[in-house]
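Asks: The structure that follows is given in the form of structure tokens.
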Amino acid sequence: TPLKKLRVEIRSAEKHERQVARELEELEEEAGADMGPDDEYQPLWGKCWSLVHAQYTYEVCVGGEARQKDGKGPGVGLGEWTGFEDDGEADPSQGLPGRAFVFKH
């Protein structure tokens, strides 16, 4: 019936509207994020890295969160990414990058 078809179209349009609103929110978050001097870290947005240590896997995502996983379920949230901070004078020979990712719980 025409009414049923119209209801399906309305539900589809509402679903699309929610999706577009989520995408807009993500773009606004990225646009307002600390990406370092001259946005030099912008290419890292959305990237994740993992490190396995003992029975745990640690994962950090720029613009996301840091998690500790043990192979069962989603793991434990260790904090949300908040930006970068100066971490002293850069000295790669000492393992000091000069800037650090910041995650706050």
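Residue numbering for the sequence shown is 182 to 286, as defined by our numbering.
Backbone N, C-alpha and C define an ideal beta-carbon position, used for all residues, glycine too.
Throw me the rounded Cβ distance for the Glu261 and Lys285 pair, which I believe falls under 8 angstroms.
Replies: 6 angstroms
Asks: Based on Cα-Cα distance, which residue from Val189, Met216, Tyr237, Trp226 lies nearest to Gly254?
Replies: Tyr237
Asks: Under DSSP, the alpha helix (DSSP H) around Ala212 begins and ends at which residues?
Replies: 183–212
Asks: If you follow the beta strand (DSSP E) that Asp267 is in, where does it begin and where does it stop?
Replies: 257–267
Asks: Please determine whether the Cβ atom of Trp230 lies at a distance below 6 angstroms from any heavy atom of the ligand GTP.
Replies: As presented, the structure is devoid of all ligands, the ligand GTP included, so that no description of it is given.
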